[in-house]
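Just so you know, we're using the numbering used here here: the sequence shown kicks off at 1095 and counts up by one.
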Amino acid sequence: MNNTFRSGLSRRSFLRNLGAASVAATSLPGIAAVQGPAAPHATRGGVSNNKPLLSLPTEDSVVFISMNENPLGPAQSSLDAIAEMALVGNRYHGDVIQRTVSTAIDLFEMKRGYVGLFPGSGGALNLALMSNIGPDRPLVYADPSYEQAPSVADTMGAPKFPVKLTKTYAHDVRAMVAATPKAGAYSIVNPNNPTGTMTPKEDIVWLLKNKPAGSVVIVDEAYHDFSNADSCIDLVAADQDIIVTRTFSKIYGMAGLRAGLAFARPDYFQKFRAIAPYAPSLASVSITSAAAANAALLDKDLVPTRRKINADNRSETLEFLAKRGYSVVPGSQTNFFMVNTRRPGGEFQSAMLGENVAVGRTWDSMPTYVRVSIGTREEMAKFQAGVEPERA
1095 MNNTFRSGLS
1105 RRSFLRNLGA
1115 ASVAATSLPG
1125 IAAVQGPAAP
1135 HATRGGVSNN
1145 KPLLSLPTED
1155 SVVFISMNEN
1165 PLGPAQSSLD
1175 AIAEMALVGN
1185 RYHGDVIQRT
1195 VSTAIDLFEM
1205 KRGYVGLFPG
1215 SGGALNLALM
1225 SNIGPDRPLV
1235 YADPSYEQAP
1245 SVADTMGAPK
1255 FPVKLTKTYA
1265 HDVRAMVAAT
1275 PKAGAYSIVN
1285 PNNPTGTMTP
1295 KEDIVWLLKN
1305 KPAGSVVIVD
1315 EAYHDFSNAD
1325 SCIDLVAADQ
1335 DIIVTRTFSK
1345 IYGMAGLRAG
1355 LAFARPDYFQ
1365 KFRAIAPYAP
1375 SLASVSITSA
1385 AAANAALLDK
1395 DLVPTRRKIN
1405 ADNRSETLEF
1415 LAKRGYSVVP
1425 GSQTNFFMVN
1435 TRRPGGEFQS
1445 AMLGENVAVG
1455 RTWDSMPTYV
1465 RVSIGTREEM
1475 AKFQAGVEPE
1485 RA
């Protein structure tokens, strides 16, 4: 990977990160369901739950705003669906997964066969990448960005072409096309991680029109629900050479429940199956996670309510940092931001941990910047209190 995980974190923080990595590693790349017979919408289980879940106790009450998790947890509608589905957990109930896919098809106005349900979006991204890159099909991606794509390229023996972001921290699509005439896939993380910034949809449309024939654009929209920007999912419906992934880990607060969606033409899903023919049994979504995802999609108040809560807490924190002379990457439309700590990021991490606040990491290309996730208002107040001793 191109990032450097800076030292200075406590043993407990290390174990927390290790645990998250283990979850990611055991989420085998696979497609649980692509389409199914039309199913009626499930009854909405309740209104959005906008109160944070009770935190697991720790010996020194460390605030974790390091992994882009949603402190609000699953909405009440999802929790009710989980409780109901758990009562019949002795049965396989594959129809629940089909129902969730059908809900996504209706919600996003897709054709049948164009939506798949996965255990998180990580497996879908792996399959999208693995089925389109290789020794003679390079990967083109942004730097800095989420490292999954270049990591998969290493596994597949695919040449890598990192391209710097623009001055506005967008993907430089023209430079990406110019990077190699033999690209197999272009990775676009939108909004980008770690910068939180958007690449305009018109740039992605330009990329689709000007990329080499036979290549595919893979757009990771894990954080898109936090923004008001246009999605690229409709480009899938228009049969473009594009794969779009979404996750329930972020705004829906279901990181540990593992559910995600992929939007792609049926021929791309067929390529997924060629890579992992046994994926349905190896990495299927549990019926409780599927039911929770279905309820979340049907909860009309969930996304706009949480988007506002996140935006308010982010704005208040950024205003605090600006008054104290800290600069941040402008334009974040996610539940995190990048702050310039004015020194090696690992030192800032360690100092903040001394204040019982665990913040995120650095990237090689931005060594003095640290990624900070947005927590509850109370958690961000503790972050602000921890920053005070760091003021220049």
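Here a beta-carbon is modelled for each residue, glycine too, at the ideal position from N, C-alpha and C.
Short Cβ contact (8 Å threshold) for L1302 with D1335: Taking C-beta atoms as the reference points, L1302 and D1335 count as a pair closer than 8 Å.
Beta strand (DSSP E) segments (min. 3 residues) lying fully within the stretch 1235-1278: The qualifying runs are 1254-1258.
Residue nearest to Q1364 in terms of C-alpha spacing, selected from A1222, I1191 and Y1186: Ranking the options by Cα distance to Q1364, first place goes to A1222.
Validate contact between the stretch 1312-1323 and the stretch 1427-1438 using beta carbons, cut 8 Å, 3 pairs: Touching, yes, given that three or more Cβ pairs across the two stretches are closer than 8 Å.
Meets three-Cβ-pair contact criterion under 8 Å: the stretch 1397-1407 and the stretch 1251-1258: Flag = no, the stretch 1397-1407 and the stretch 1251-1258 do not touch.
With 16 other Cβ atoms within 10 Å as the buried cut-off, status of V1234: Its Cβ being crowded by 16 or more others within 10 Å, V1234 is buried.
Spatially closest choice to N1164 from V1246, W1457, L1396 and I1381, by CA coordinates: The residue with the shortest Cα to Cα distance from N1164 is L1396.
Beta-carbon proximity list for V1283, same chain, < 6 Å, skipping 5 on both sides: Result list for V1283: S1239, Y1240 and D1314, in chain order.
For G1140, three-class secondary structure by DSSP: Confidence is the limiting factor: at G1140 the pLDDT is only 31, short of 50, which leaves the residue's position unreliable, though a coordinate-based value still follows. Note: G1140 maps to coil in three-state DSSP.
Cut-off 6 Å between Cβ atoms - residues of its own chain near V1156, not counting five sequence neighbours on either side: Taking V1156 as the centre and dropping the five residues before and after it, the same chain places the C-beta of N1450 and A1452 closer than 6 Å to its C-beta, in chain order.
CA-to-CA distance, K1276 to E1473, given in whole angstroms: Their backbone Cα atoms lie some 47 Å apart in a straight line.
DSSP state of V1423 mapped onto helix, strand, coil: Of the three classes helix, strand and coil, the one that applies to V1423 here is coil, per DSSP.
For A1316, three-class secondary structure by DSSP: Note: A1316 maps to coil in three-state DSSP.
Assigned secondary structure, A1177 (DSSP; H/G/I helix, E/B strand, else coil): In the structure shown, the three-state DSSP call for A1177 is helix.
Alpha-carbon to alpha-carbon, V1466 and M1446: In this structure, the alpha-carbon of M1446 lies about 11 Å from that of V1466.
Unbroken alpha helix (DSSP H) run spanning A1479, endpoints: Residues R1471 to V1481.
Assigned secondary structure, P1418 (DSSP; H/G/I helix, E/B strand, else coil): The sequence as given places Arg at residue 1418; Pro does not occur at that position. In this structure, R1418 counts as coil in the three-state DSSP scheme.
Nearest neighbour of T1470, chosen from V1195, G1454, M1460 and N1407 [CA to CA]: Comparing Cα-Cα distances from T1470 to each of V1195, G1454, M1460 and N1407, the minimum goes to N1407.
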